[in-house]
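Q: Just so you know, the sequences run in chain order A and B.
The first sequence begins at 105 in this note's numbering and counts up by one.
The second sequence begins at 105 in this note's numbering and counts up by one.
Backbone N, C-alpha and C define an ideal beta-carbon position, used for all residues, glycine too.
Quick caveat: nothing in here was measured; it's all calculated off a predicted structure.
There are 2 protein chains.
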Amino acid sequence: MFALIDLHVQKYTHPSQQDLDLLHALIEHKKISKKTLLLSEGEICRFELFINKGCIRNYYIDEKGEEVTLQFATEGWWVSDIASFNERTHSRMFIETLEDCEVLWLTPDTKEKLLHQAPCFERMFRILVQRNLSRIQERLFRTIATTAAEKYLDFIERYPEIPQRVAQHYIASYLGFSPEFLSKVRTRLSKK
Amino acid sequence: MFALIDLHVQKYTHPSQQDLDLLHALIEHKKISKKTLLLSEGEICRFELFINKGCIRNYYIDEKGEEVTLQFATEGWWVSDIASFNERTHSRMFIETLEDCEVLWLTPDTKEKLLHQAPCFERMFRILVQRNLSRIQERLFRTIATTAAEKYLDFIERYPEIPQRVAQHYIASYLGFSPEFLSKVRTRLSKK
DNA sequence: CGGTCTCTTGACGGAGTTCAAAGCTAGTGG
DNA sequence: CCACTAGCTTTGAACTCCGTCAAGAGACCG
């Protein structure tokens, strides 16, 4: 149950066995079924969760009702609206499970206790946010500077397992164009 | 010289006079002339600077040589490639001054000393990164979900002083379309 | 003054959208 | 185990937005 998260934590910091025990004691194990909405626009995000099994996505909805997917998260990823969680502000995004999930769940309360009693986790969360920032900066760059075909090829190279797990129109909404056009791009690419 | 940064710091944390004195002692005051390249792709970013006066931009360059502006920073903003600075990785971006600047300059060394001796600054930097992340997430959303005219109107509302300070083609490269098209959008808008 | 940089304007082309229809696939209930 | 439905993907035609190229007009600086 904690094998994956222990491995994950050790990539970013050097926890003692005590630190890990504390984490195991504080973090809550949950099962969540497919298509569950974990966060809606306007709410304050009260969780930071680690995926042991399953797939979750964050997305925005624009005025026309179109969805823009911000992130697909699978085993070994953290999911939250970090700004909303930390500053108790109203979120603009939605978070929903795409598959049946098994997750480890921190609340504002348990996270605070964890950081207070085992400060080595500070480092981990700081690095995670920084990497997230730098990843999304480069994604913004690619969104502006590359064509649809380039974006798609780049995506399946970065996340080869995602296309096998999520519906294609979700990928289109991540890449920033219509599902119809993604379909056309794919047929064009496969003809080569 | 430290009036602006003191005010800034106090928005995010509650420093003692000692903390502020330490900051003043460690941070280096620099003048940098217009059109100076502070960071190039491939380098490791060795500064985190606070702008007292002037204007700086971060940008990427794609394979065709086109620039994509990531950020305009003016008085009261921090400028750095945070991931490169903190993890000593090679940066993919460029940072250059657009005006003559007067800045306060932290190196990896002085920042570490600062955080070590005045831990209250940890909180500030953490919140800054989080806000930056959430801002860029929403910008990615708008980049995908809105038209050129909407992006431009949103930009001049968010940053009304920027169009008066930087060349228009830089704004186009921030918004993600060609300078020619920005010009056309502007004439269309002004005819209404 | 002359050169460079910037902004504007127009014609044309191409990438991506929208709408509509049809084919597929998976899940559901009988 | 089959039949049905609902959601997903594909395909095509018409259209729109935006890019590219090229030319001209200012504006600024040495």
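Would you call the region 265-281 of chain B in contact with the region 205-216 of chain A, where contact means no fewer than 3 C-beta pairs closer than 8 Å?
A: No, the region 265-281 of chain B does not touch the region 205-216 of chain A.
Q: Kindly indicate which three-state DSSP category Phe106/B falls into: helix, strand or coil?
A: Taking the first residue of the second sequence as 1, we reach residue 106/B at position 2. Coil, per DSSP.
Q: At the 7 Å Cβ level, is Gly146/A part of the contact set with chain B, yes or no?
A: Here the question's residue 146/A lines up with position 42 in the first sequence. For Gly146/A, the answer is no, since every Cβ of chain B falls outside 7 Å of its Cβ.
Q: From this set, Ser287/A, Arg246/A, Leu208/A, which residue's C-alpha is nearest Ile131/A's C-alpha?
A: The residue you call residue 131/A lines up with position 27 of the first sequence. Of the listed residues, the one whose Cα sits closest to Ile131/A is Leu208/A.
Q: If contact is defined by three or more beta carbon pairs under 8 Å, each pair taking one atom from either stretch, is the region 272-283 of chain A in contact with the region 248-259 of chain A?
A: As far as the Cβ criterion goes, the region 248-259 of chain A touches the region 272-283 of chain A, which means the pair count is three or higher.
Q: Assuming contact is defined by CB atoms lying nearer than 7 Å, are Leu218/A and Phe229/A in contact in what I supplied?
A: Within the first sequence, the letter at position 114 stands for residue 218/A. Within the first sequence, the letter at position 125 stands for residue 229/A. No. Outside cutoff.
Q: For Glu242/B, return the contacting residues in chain A, with the cut-off set at a CB-CB distance below 7 Å.
A: Your numbering for residue 242/B matches position 138 in the second sequence. Per Cβ cutoff of 7 Å: Arg196.
Q: Name the DSSP beta bridge partners of Asn156/B, please?
A: Start at 1 with the first residue of the second sequence, and residue 156/B comes out as number 52. Answer is none; Asn156/B lacks a bridge partner.
Q: Can you give me the C-alpha to C-alpha distance between Phe106/A and Gln114/B, rounded to a whole angstrom?
A: On the first sequence, residue 106/A is found 2 positions in, with the first residue counted as 1. On the second sequence, residue 114/B is found 10 positions in, with the first residue counted as 1. In a straight line, the C-alpha of Phe106/A is about 40 Å away from that of Gln114/B.
Q: If you check the beta carbons only, do Gly158/A and Leu108/A fall under 7 Å apart?
A: If you number the first sequence from 1, residue 158/A lands on position 54. If you number the first sequence from 1, residue 108/A lands on position 4. Not a contact, by the Cβ cut-off of 7 Å.
Q: If I follow the unbroken alpha helix (DSSP H) through Phe245/B, where does it start and stop?
A: Along the second sequence, one-based indexing puts residue 245/B at 141. Run containing Phe245/B: 224-249, per the alpha helix (DSSP H) assignment.
Q: Just the C-alpha distance for Thr187/B and Gln175/B, rounded to the nearest angstrom, thanks.
A: Along the second sequence, one-based indexing puts residue 187/B at 83. Along the second sequence, one-based indexing puts residue 175/B at 71. Note that residue 187/B is Ala in the sequence shown here, rather than Thr. Spanning the two alpha carbons is a distance of roughly 15 Å.
Q: Rounded to a whole number of angstroms, what is the C-alpha to C-alpha distance between Arg246/B and Glu216/A?
A: Within the second sequence, numbered from 1, the residue matching residue 246/B stands at position 142. Within the first sequence, numbered from 1, the residue matching residue 216/A stands at position 112. Cα-Cα distance, rounded: 33 Å.
Q: Below 8 Å on the Cβ atoms is my guess for Val270/A versus Leu202/A; work out the distance and round it to an integer in Å.
A: The sequence position of residue 270/A within the first sequence is 166, counting from 1. The sequence position of residue 202/A within the first sequence is 98, counting from 1. The pair is a contact, with the Cβ atoms about 6 Å apart (cut-off 8 Å).
Q: Between Glu145/B and Ser184/B, which are expected to be in contact by the criterion C-beta below 8 Å, what is the C-beta distance as a whole number of angstroms?
A: By one-based count along the second sequence, residue 145/B stands at place 41. By one-based count along the second sequence, residue 184/B stands at place 80. With a Cβ gap of about 15 Å, Glu145/B and Ser184/B do not count as contacting.
Q: Please name the residue, chosen from Glu200/A, Arg243/A, Asp258/A, Arg292/A, that lies closest to Phe151/A on a Cα-to-Cα basis.
A: Looking up residue 151/A in the first sequence gives position 47. For the residues Glu200/A, Arg243/A, Asp258/A, Arg292/A, the minimum Cα distance to Phe151/A belongs to Glu200/A.
Q: Output, in sequence order along the chain, the residues in the region 157-172 of chain A whose CB is closer than 7 Å to any CB in chain B.
A: Listed in sequence order: Tyr164, Asp166, Glu170, Val172.
Q: Using a C-beta cutoff of 7 Å, does Leu143/B count as contacting chain A?
A: Looking up residue 143/B in the second sequence gives position 39. No, no contact with chain A.
Q: What does Leu174/A touch in chain B if you count any residue whose Cβ is under 9 Å from its own?
A: Position 70 of the first sequence, counting from 1, holds the residue named residue 174/A. Chain B residues near Leu174/A: Gln241, Leu244, Phe245.
Q: Can you list the residues of chain A that Ile248/B reaches, using a CB-CB cut of under 7 Å?
A: Position 144 of the second sequence, counted from the first residue, corresponds to residue 248/B. Chain A residues near Ile248/B: Val172, Thr247, Gly280.
Q: Taking a cut of 7 Å between CB atoms, which residues from the region 180-191 of chain A lie near chain B?
A: Listed by position, the residues of the region 180-191 of chain A near chain B (Cβ gap below 7 Å) are Ile186, Ala187, Asn190.
Q: Could you check whether Ile136/B and Cys205/B sit closer than 7 Å to each other, using their CB atoms as the reference points?
A: By 1-based counting over the second sequence, the position of residue 205/B is 101. By 1-based counting over the second sequence, the position of residue 136/B is 32. Against a cut-off of 7 Å, the Cβ pair of Ile136/B and Cys205/B comes out as a contact.
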